[in-house]
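Peer 1: Quick one: the structure is below, questions incoming.
Residue numbers (the working numbering), protein chains in the order written: chain G, 28 to 84; chain R, 931 to 1176.
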């Protein structure tokens, strides 16, 4: 268990190491989800456009 | 390369390789984080803070690579009017900004315990902060004009001027006195760090490359679809009101 403790405390540097990895997760997740959200939005809008044109016909 | 310059072909190719790219990226993150946080030893001088390097260095590399892509895309947009070049430039700059921010944050979190300060106005850190502002400026210029083409051209010019900053960043640690350490991986005599630390570094660096590529392709795909949507709406508008658009 001491092994896991030293993993969590990072040899006394937990206050620097964990926020660095936290920043990586937050920033990379943010850019990823922003990318996915925009793609889904435009795909939905395109699909809706096709439907309404079929309605016209 | 010109075979892929056709947007329709790009879209089909992107749709086919994207699931593989995303799967590999996820695997890379799992393996890389395991090696970086658990499967590698602490440094004999820096202790556990060396683990910040596994994020900081790949993030900084991606920040520079993204700017190189931005510069090349801007050049081919201005010179050859390449159909995908504007799209690539617009797609990459938020990603580059994100990696630059990550490199700046992780750098200052590493600087505090090792240098005793979060920030110092030396050449490396200042030129890297400038890189962040170049990305923000590029994004701002893209949206600053009603005429989309004018926005893209001004943004491309800014991106090209900003290319000067890349060699300044790279060589800043050799040209000026700084707290930042000199290059220890990409250097003449080979890497100067232990293999047990190179593995997590290279795994995460490779994964960051895959991530960058996957996000770049996804954003380019989105921008192409958005252009298609705009054209459809204009066409529909013209059908409703013939001759209303000069």
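From the three backbone atoms N, C-alpha and C, an ideal C-beta is built for every residue, glycine too. In this text the structure is predicted, and so the values were computed from the model without any measurement.
(1) Going straight from the alpha carbon of residue 928 (chain R) to that of residue 1030 (chain R), what length do you get?
(2) To the nearest angstrom, report how far apart residue 1010 (chain R) and residue 1000 (chain R) are at their CA atoms.
(3) State the DSSP-derived secondary structure class of residue 1076 (chain R), mapped to helix, strand or coil.
(4) Can you tell me whether residue 84 (chain G) is buried or exposed? The criterion is at least 16 other CB atoms within 10 Å of its CB, across all chains shown.
(5) When the cut-off is 8 Å and only beta carbons count, does residue 968 (chain R) lie next to chain G?
(6) Under 8 Å by Cβ, that's how I've got residue 34 (chain G) and residue 968 (chain R) pegged, so tell me the actual separation to the nearest angstrom.
(7) Sort R:1158, R:1040 and R:1078 by Cα distance to residue 979 (chain R) and report the nearest one.
(8) Quick one, which of R:1162, R:1168, R:982 and R:1054 has its alpha-carbon nearest residue 1101 (chain R)'s?
(9) Where does residue 1004 (chain R) land, buried or exposed, given buried means 16+ other C-beta within 10 angstroms?
(10) Could you have a look at residue 1016 (chain R) and say whether DSSP puts it in helix, strand or coil?
(11) Looking at the unbroken alpha helix (DSSP H) that takes in residue 1139 (chain R), where does it start and where does it end?
(12) Would a check of beta-carbon distances place residue 60 (chain G) closer than 8 Å to chain C?
(13) Does the beta-carbon of residue 1158 (chain R), which I'm using as the reference point, lie nearer than 7 Å to any heavy atom of the ligand NAD?
(14) Tell me where the alpha helix (DSSP H) around residue 977 (chain R) begins and ends.
(15) Roughly how many angstroms lie between the CA atoms of residue 51 (chain G) and residue 44 (chain G), to the nearest whole one?
(16) By a C-beta neighbour count over all protein chains shown, 10 Å radius and 16 as the cutoff for buried, is residue 1016 (chain R) buried or exposed?
(17) Kindly list the residues whose CB is nearer than 6 Å to the CB of residue 1125 (chain R), restricted to its own chain and excluding five residues on each side of it in sequence; keep chain order.
(18) Kindly indicate which three-state DSSP category residue 1104 (chain R) falls into: helix, strand or coil?
(19) Assuming residue 958 (chain R) is part of the alpha helix (DSSP H), what are its boundary residues?
(20) If contact means a Cβ-Cβ distance below 8 Å, which residues of the stretch 975-990 of chain R contact chain G?
(21) Confirm, please, whether the CB-CB distance from residue 1073 (chain R) to residue 1088 (chain R) is below 8 Å.
(22) Quick check on DSSP: helix, strand or coil for residue 1052 (chain R)?
(23) Comparing the C-beta of residue 73 (chain G) with each C-beta of chain R, is any distance below 8 Å?
(24) What is the rounded straight-line gap between the Cα of residue 69 (chain G) and the Cα of residue 1152 (chain R)?
(25) Taking the straight line between their C-alpha atoms, what separation do you get for residue 1140 (chain R) and residue 1133 (chain R)?
(26) Does the stretch 56-72 of chain G come close enough to the stretch 1142-1158 of chain R to have 3 or more Cβ pairs within less than 8 Å?
(27) For residue 973 (chain R), write down the residues that DSSP places opposite it in a beta bridge.
Peer 2: On the basis of the data shown:
(1) This structure gives no information on residue 928 (chain R), because the portion of chain R shown stretches from 931 to 1176.
(2) Along the second chain, read from residue 1 onward, the residue named residue 1010 (chain R) stands at position 80. Along the second chain, read from residue 1 onward, the residue named residue 1000 (chain R) stands at position 70. Looking at the backbone, the Cα of residue 1010 (chain R) and that of residue 1000 (chain R) are separated by about 15 Å.
(3) One-based indexing of the second chain puts residue 1076 (chain R) at position 146. If DSSP states are grouped into helix, strand and coil, residue 1076 (chain R) belongs with coil.
(4) Position 57 of the first chain, counting from 1, holds the residue named residue 84 (chain G). Because the pLDDT of residue 84 (chain G) is 43, which lies under 50, any placement of that residue in the model is unreliable, and the question is left without a value.
(5) Position 38 of the second chain, counted from the first residue, corresponds to residue 968 (chain R). Taking a beta-carbon distance threshold of 8 Å, residue 968 (chain R) counts as an interface residue toward chain G.
(6) Looking up residue 34 (chain G) in the first chain gives position 7. Looking up residue 968 (chain R) in the second chain gives position 38. 7 Å between Cβ atoms; contact.
(7) Translated into the one-based positions of the second chain, residue 979 (chain R) becomes position 49. Taking each of R:1158, R:1040 and R:1078 in turn and checking the Cα distance to residue 979 (chain R), the smallest one comes out for R:1040.
(8) Here residue 1101 (chain R) is taken as the residue at index 171 of the second chain, counted from 1. Between residue 1101 (chain R) and the set R:1162, R:1168, R:982 and R:1054, the nearest pair of CA atoms involves R:1054.
(9) Against the second chain, residue 1004 (chain R) aligns to sequence position 74. When all chains shown are included, residue 1004 (chain R) counts as buried.
(10) In the second chain, residue 1016 (chain R) corresponds to position 86, counting from 1. DSSP places residue 1016 (chain R) in helix when its eight states are reduced to three.
(11) In the second chain, the residue the question calls residue 1139 (chain R) occupies position 209. It spans 1125-1170 - the alpha helix (DSSP H) in which residue 1139 (chain R) sits, taken as one unbroken run.
(12) Any reference to chain C falls outside this structure, whose protein chains are G and R.
(13) You won't find the ligand NAD in this model; it holds no ligand whatsoever.
(14) Taking the second chain and counting its residues from 1, the one referred to as residue 977 (chain R) is at position 47. Here residue 977 (chain R) belongs to no alpha helix (DSSP H), and DSSP marks it neither H nor E.
(15) For the purposes of this step, residue 51 (chain G) is identified with residue 24 of the first chain, where counting begins at 1. For the purposes of this step, residue 44 (chain G) is identified with residue 17 of the first chain, where counting begins at 1. Spanning the alpha carbons of residue 51 (chain G) and residue 44 (chain G) requires a straight line of approximately 11 Å.
(16) Taking the second chain and counting its residues from 1, the one referred to as residue 1016 (chain R) is at position 86. Residue 1016 (chain R) is buried by the Cβ-count criterion.
(17) Translated into the one-based positions of the second chain, residue 1125 (chain R) becomes position 195. Nothing listed; no residue qualifies.
(18) Taking the first residue of the second chain as position 1, residue 1104 (chain R) is located at position 174. Reduced to three states, the DSSP call for residue 1104 (chain R) is helix.
(19) Numbered from its first residue, the second chain carries residue 958 (chain R) at position 28. 937-967 is the span of the alpha helix (DSSP H), which, as asked, contains residue 958 (chain R).
(20) Within the stretch 975-990 of chain R, the residues whose Cβ lies closer than 8 Å to some Cβ of chain G are 977, 978, 979, 981, 982, 985, 986 and 989, listed in chain order.
(21) Locating residue 1088 (chain R) in the second chain gives position 158, counting from the first residue. Locating residue 1073 (chain R) in the second chain gives position 143, counting from the first residue. With respect to residue 1073 (chain R), residue 1088 (chain R) sits apart: the two C-beta atoms are not nearer than 8 Å.
(22) The residue labelled residue 1052 (chain R) in the question sits at position 122 within the second chain. Looking at residue 1052 (chain R) - three-state DSSP - the assignment turns out to be coil, as it is neither helix nor strand.
(23) Here residue 73 (chain G) refers to the residue found at position 46 when the first chain is read from its first residue. So yes, residue 73 (chain G) belongs to the interface.
(24) By one-based count along the first chain, residue 69 (chain G) stands at place 42. By one-based count along the second chain, residue 1152 (chain R) stands at place 222. Approximately 7 Å, taken between the alpha carbons.
(25) Locating residue 1140 (chain R) in the second chain gives position 210, counting from the first residue. Locating residue 1133 (chain R) in the second chain gives position 203, counting from the first residue. Roughly 11 Å separates the two Cα atoms.
(26) Counting Cβ pairs under 8 Å, three or more are found: they touch.
(27) As a first step, residue 973 (chain R) must be located in the second chain, where it is residue number 43. Residue 973 (chain R) is bridged to R:977.
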